[in-house]
Every structure is written in structure tokens, then in C-alpha cells.
Amino acid sequence: MMKSWIEVGKESDFPIQNIPFGIFKTPGGTARAATRIGDVVIDLQALALQGFLDGTGADREVFGYETLNPFISMGKEICRAVRARIAEIFEAGNPLLRDYPEKQAGMLFALNAIEMQMPVHVGDYTDFYSSLEHATNVGIMFRDPANALLPNWKHLPVGYHGRSSSIVVSGTNIHRPKGQTKTDTAGLPEFGPSKQVDFELELAFITGSKTALGQSVSTAEAEDHIFGMVIFNDLSARDIQRWEYVPLGPFLAKNFGSVVSPWVVTLDALEPFRVPGPVQEPAVLPYLQAEGNHNFDVQLDVLIQPENQPEQRVCHSNYRYMYWNMAQQLAHQTVNGCNINIGDMYGSGTISGPTPDSLGSMLEIAWKGTRPVKMADGSERKFIHDNDTIIMRGYCEKENLRIGFGEAITKILPATS
Ligand code: CA
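Going by the numbering used here, the first residue of the sequence shown is number 113, and it counts up by one from there.
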């Protein structure tokens with residue numbers, strides 16, 4: 113198996129086989145594109161300007177922007193060539209850069225010396241609802257245990273158009289939202305800080321090409337339009353959501369902050385971890401049928417870290433449980449002629465698995481507050497408390513190869529006064 117001359121720890125998500133893309137900033141410097149091997153951040157603008165990426169088809173200037181959109185727009189073939197060249201340069205046996213520390217200066221940075229930025233400019237954002245277990249759990253809690261799934265659920269990947277302005281990069285802290293809530297017994301709604309702030313464990317895919325209005329993307333073509341994936345924490349305020357969501361769906365309960373991991377992992381890097389999805393019964397309409405395996409075996413963890421306390425795992429799930437896959441989601445999104453753009457983000461929906469430890473939101477873990485989680489300090493959690501940090505991690509692992517996403521972290525700050 114290929115190794116890098118940059119040290120990669122056994123538990124690292126970023127071996128030379130990963131080569132994700134992100135945007136970083138050095139103190140006083142401008143934002144620019146990077147990749148990462150182990151805990152070393154590699155400045156792609158510097159690499160390109162010195163000619164190391166010549167011949168890949170990528171313009172030397174394309175890495176010097178504050179988003180990856182210009183690079184992504186060059187297409188998948190160029191992205192593949194760039195990843196292959198980076199792997200070649202940093203392969204253990206290649207002295208090109210390895211033996212010239214003076215060339216490495218200004219090109220390689222320690223993780224703790226830089227700050228990661230939002231990787232892409234997100235023009236549009238869609239959030240799906242594609243986990244059978246999650247949709248069933250929510251249906252049981254809020255509607256009718258006998259008819260937990262609505263009649264459309266197994267026939268189309270349910271989704272809604274969200275808001276992109278409040279999608280932020282890991283490390284950005286979010287204030288507890290304020291809004292209208294109403295309990296079942298109260299006659300009138302009240303206004304104040306949400307009492308039920310929750311996370312939603314999701315992965316999101318990012319489209320890497322644009323289509324014309326009127327054009328549809330088939331399930332067979334869908335992955336050609338997908339650049340890569342990130343972890344997506346779709347923060348939600350359940351009390352606001354319950355009162356506002358009928359009849360048009362989520363609104364202010366979902367748009368006060370969604371937090372993404374900073375490194376976009378390409379589908380090429382995830383290729384060894386393809387797995388079949390769940391059997392879809394009843395059969396889906398022809399435009400949603402997808403040949404081959406479009407699910408990925410991504411292990412996902414959610415941890416809560418109260419202020420000055422150790423982190424504690426509250427969920428271990430897996431992206432492989434998704435009932436509807438990315439190819440079907442994108443085919444459905446575009447079947448009516450809706451156009452897509454470079455950098456658009458598509459959340460999977462909360463990823464819950466079949467077991468009690470694999471539920472992807474506090475709503476389900478604590479089952480509407482009836483099964484509070486015991487924390488190490490003796491406190492309990494039904495939802496997220498002020499100054500709790502939510503940590504999401506995701507990685508694939510097989511035969512000594514581990515490819516991961518790193519982390520999406522956010523702290524919930526008290527509501528603003
Ligand atoms: Ca969601």
C-alpha cells in the first residue's frame with residue numbers, strides 16, 4: 113500500500129490515499145486551497161505557483177481563491193489528475209520535495225498553525241430525509257406509530273430547500289436560537305430561547321458541475337456531477353420546529369446554523385468503501401432505479417462535550433443505512449428540470465441506524481425526552497445545553513486503509529440577549 117514521506121498516524125483520517133480538498137488561511141495570509149496528509153496542511157496555491165502541478169490541466173491560479181468553486185469547475189478529470197500528482201509528489205520514495213526542506217517552507221503547514229475556512233461557496237442547499245429508521249422514529253413520536261411513514265416516503269426521496277447563508281465551517285460556534293414555541297397544553301405561543309436544541313448527524317454531497325434549466329440528471333450520470341462529501345451537522349430547534357412546520361415544512365428551526373467538516377473527501381477516495389444499500393420495496397419508479405452500489409460504509413460518531421468535561425459518545429451510526437442514495441437524490445432533485453450549480457450542498461437527512469446506539473439526533477436518542485442520556489459528570493441530556501460542544505466524526509476503514517472526514521465541531525452558546 114502506498115505510503116507518504118509525511119508521517120501519518122495509525123488513527124489518521126488522512127493517509128496519502130485520501131487527498132481531500134479544503135480552504136485554509138495562515139495568520140495574516142489570504143484564504144487559499146489546500147490538501148492534507150496526516151496532520152500536515154499542503155498549500156496547493158504554493159505548489160501550483162512553483163510548477164509542481166503543471167501538466168495536470170489545472171491553471172496555476174485556480175487554487176488562490178477563497179473557495180474551491182473555481183477548482184471544482186475545472187471538472188472531475190482535472191481533479192483526478194491533481195490528486196494523482198499530489199500522491200506522486202508525496203509518495204515515500206519521491207525525493208522531489210522530500211529532500212528539499214527549503215522548498216517545503218511556505219508550502220507545508222502544521223495543522224495548529226492555520227485556520228480552516230468554508231471549503232465552497234454554497235449557492236443552494238437541499239436537505240433530504242432519506243434514512244428509513246430516522247423517518248420512522250420521527251413518525252412514531254410525532255404522528256402515528258401505526259402509520260409512521262407517510263405514503264410518499266418509499267416512493268421518492270423526500271426533501272426541502274434549505275438556506276445556504278447559515279452553513280458554516282467546523283469551529284464556528286452557534287448561539288441558541290430564539291423563536292416561537294407552543295406546547296400542546298398552552299393556548300397561545302410564547303417567544304424565547306429554544307429549549308430543545310438538537311443536532312442531526314448527516315453527510316452532505318457537493319455538486320461539481322452545473323446543468324441547464326430544463327435538464328435532468330439520470331441516476332447513471334449522477335455521480336459524475338458529485339465532487340465530494342463532508343460531514344454535516346444540521347442543527348435543529350425541535351420546539352420551534354413542532355409549532356412552525358405545518359404545512360410548508362422546516363423554516364426557522366433549521367436555518368440558524370449547520371456545521372460542515374472542512375475537508376471535502378472525493379468520491380474517488382471513498383471508492384474502496386462502496387456497499388449495497390437496503391433493498392427498496394416496493395420497487396421505485398424507473399427514473400429512480402440505480403444500477404450498482406451507491407452507498408458507502410462510513411462510520412459516524414457523535415460526541416457531546418460539556419464545558420470543562422471529557423467528550424462522551426452518544427451515537428455510532430453508519431452512512432450505509434441510507435435508504436435513498438446520492439444518485440437517486442440528485443436524479444429526483446433534477447427530474448423536473450431544476451438546474452444544479454457548482455458548490456451546491458445536499459444533506460442526506462439524519463442518519464439513524466437500526467440499533468438504539470445508532471440514532472442520529474437527541475430527539476431519538478432521548479426519545480422525546482423520556483430516556484435522558486446520563487453524562488459522566490452526573491448531569492442528564494434530553495437536548496443540547498448551553499456551552500455543550502457537539503463533535504461529529506466520520507471515517508471508512510478496511511484492510512488497514514482508513515479514509516476519513518475529520519471532524520465537524522460546534523459549541524452551542526447561550527441565546528443572545
Ligand atoms: Ca436535516
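Note that the Cβ used here is the ideal one computed from N, Cα and C, for glycine as well.
Continuous alpha helix (DSSP H) stretch holding residue i: start and end
i, result
"F183", "181-184"
"D380", "379-382"
"Q157", "156-161"
"L208", "207-210"
"Q214", "According to the sequence shown, residue 214 is Glu rather than Gln. That run of the alpha helix (DSSP H) goes 213-216."
Local conformation of residue i per DSSP, three classes
i, result
"E200", "helix"
"D351", "helix"
"G251", "helix"
"V474", "One detail in the question is off: residue 474 reads as Met in this sequence, not Val. M474: helix per DSSP, three-state reduction."
"R493", "strand"
"T501", "strand"
"H233", "coil"
"N345", "strand"
"F531", "Shown here, the chain extends from 113 to 529; a query on residue 531 therefore has no answer."
"I128", "coil"
"Y399", "helix"
"I286", "strand"
"K523", "strand"
"H267", "coil"
"R192", "helix"
"A146", "strand"
"T528", "coil"
"A316", "strand"
Same chain, Cβ closer than 7 Å to residue i, five either side skipped, listed in chain order
i, result
"L165", "L159, V194, R197"
"P269", "F240, S242, W436, Q440, Q441, H444"
"W265", "A247"
Cβ-based neighbour list, residue i, same chain, cut-off 6 Å, excluding 5 preceding and 5 following
i, result
"F495", "Q308, V309, D310, M474"
"G140", "none"
"V234", "S276, I279, G455, M457"
Range covered by the beta strand (DSSP E) that runs through residue i
i, result
"E119", "From DSSP, E119 is part of no beta strand (DSSP E); its letter is neither H nor E."
"Q292", "290-293"
"E335", "Where E335 is concerned, there is no enclosing beta strand (DSSP E), given that its DSSP letter is neither H nor E."
"K137", "134-137"
"P305", "302-305"
"T323", "Per DSSP, T323 belongs to no beta strand (DSSP E) and is neither H nor E."
"I539", "Shown here, the chain extends from 113 to 529; a query on residue 539 therefore has no answer."
Own chain residues within Cβ distance below 8 Å of residue i, not counting five before or after
i, result
"C427", "L313, L412, D413, V414, D469, S470, L471, G472, I477"
"G425", "Reading off the sequence, residue 425 comes out as Arg, not Gly. The residues are D413, V414, L415."
Proximity test, Cβ basis, 8 Å: residue i and chain C
i, result
"S460", "In summary, chain C is missing from the structure at hand, where a single protein chain is found."
Start-end ranges of the beta strand (DSSP E) lying completely within the segment 407-469, minimum 3 residues: 411-417, 424-430, 457-459
Touch test, the segment 113-133 against the segment 141-151, Cβ-Cβ under 8 Å, three pairs minimum: yes
For the segment 206-220 and the segment 290-303, state whether three or more C-beta atom pairs, one from each stretch, are separated by less than 8 Å. By the C-beta criterion, the segment 206-220 is judged not to be in contact with the segment 290-303, since fewer than 3 inter-stretch pairs fall below 8 Å.
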